[in-house]
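*Asks:* To convert a position in the sequence shown, counted from 1, into the numbering used here, add 226. Idealized CB from N, CA, C, for every residue including glycine. Quantities reported herein were computed from a predicted structural model and do not represent experimental measurements.
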Amino acid sequence: MTIEPSRGEPAERDDHDLLRAIGRGDRSALVTLYERHARVVLSHLVLLTADHGFSEEILQDTMLAVWRGAGRFRGEASVRSWIIAIARRQCRDRQRRKRPATVGQEVLADRPSLEPGPEQRALDRMSAGTVMEAIKGLTPQHREILGLVFGGGLSLGETAQVLEIPVGTVKSRLSAARAALVRSMPEKGYAS
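(1) Would you mind reading off the limits of the alpha helix (DSSP H) that contains aspartate 252?
(2) Please classify glutamate 283: does DSSP put it in a helix, a strand, or coil?
(3) Where does leucine 244 sit, in a helix, a strand or coil, going by DSSP?
(4) What first and last residue would you give for the alpha helix (DSSP H) that runs through alanine 313?
(5) Out of Arg323, Gly378 and Gln321, point me to the one whose CA is closest to isoleucine 309's CA.
(6) Determine the burial state of arginine 314: buried for a count of at least 16 other Cβ atoms within 10 Å of its Cβ, exposed for fewer.
(7) With 16 as the cutoff for other CB atoms within 10 Å, does arginine 409 come out buried or exposed?
(8) Please look up how many angstroms separate the CB atoms of phenylalanine 280 and leucine 245, rounded, as I've assumed it's under 8 Å.
(9) Closest to leucine 290 by C-alpha separation, out of Thr275, Ala264, His242 and Leu389, would be which residue?
(10) Just tell me which of Ala403, Asp252, Ser304 and Glu282 has its CA closest to the CA of alanine 360.
(11) Less than 7 Å between C-beta atoms, sequence neighbours within five positions excluded: which residues of the same chain meet that for glycine 249?
(12) Compute the distance between the beta-carbons of aspartate 241 and valine 305, then report whether it is under 7 Å.
(13) Out of Glu283, Arg262, Leu271 and Lys397, point me to the one whose CA is closest to leucine 382's CA.
(14) Measuring straight from C-alpha to C-alpha, what distance separates leucine 407 and glutamate 384?
(15) Return the residue from the list Lys362, Val393 and Gly363 that minimises the CA-CA distance to valine 375.
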């Protein structure tokens, strides 16, 4: 008897099981997967669009795409990064079809948890609304990379898969995004 090594964390294995069940038409599995990942995906979408209502619509489109495409999941990425990649494509397609992103007044429920450093000290002194305003001032590329790594909790490798870029590019974009966020702090009265 041979024992196969376990793949990923228990939750990740559960996610794979949920996708297989969704592929067989199990609606309750979709509900469970939604409850597990919707908050993180929605936070990422709000960072991309700066519009909470529009992001909720995209989240629904994303979950419909997960329902339809669950049987095609190859397991090359984590389920969360696969869902975020779908959400990213849905967002891009919706923005192309409908309207450019507008700056809304919504505030993220979760603050990005940046690594300790000058930017963390500045963020600690700010309210969630001020953080969101500072993030809204960043380029879409910077908002997205911060959202994936810090808001979505994806690893650099998973972020590279979602964005379809090399890990080195993820690192350089992340560094540039963090620097841009720190530079925006003095403008908001939060110099470190």
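*Replies:* According to the structure shown:
(1) First-last for aspartate 252: undefined, no H or E at that position.
(2) Here glutamate 283 sits in helix by DSSP.
(3) Correct three-state label for leucine 244: helix.
(4) In the DSSP annotation of this structure, the continuous segment of the alpha helix (DSSP H) that includes alanine 313 starts and ends at 305 to 323.
(5) The option with the nearest alpha carbon to isoleucine 309 is Gly378.
(6) Classification for arginine 314: buried.
(7) It counts as exposed.
(8) Beta-carbon to beta-carbon, phenylalanine 280 and leucine 245 are separated by about 26 Å, too far to satisfy the 8 Å threshold.
(9) Relative to leucine 290, the option among Thr275, Ala264, His242 and Leu389 whose CA is nearest is Ala264.
(10) Of the residues Ala403, Asp252, Ser304 and Glu282, the one whose Cα lies closest to the Cα of alanine 360 is Ala403.
(11) Cβ within range, chain order: Ala296 and Gly297.
(12) Closer than 7 Å, so yes.
(13) Taking only the C-alpha atoms, the option nearest leucine 382 is Lys397.
(14) Each residue's alpha carbon lies about 22 Å from the other.
(15) Here the closest residue by C-alpha is Val393.
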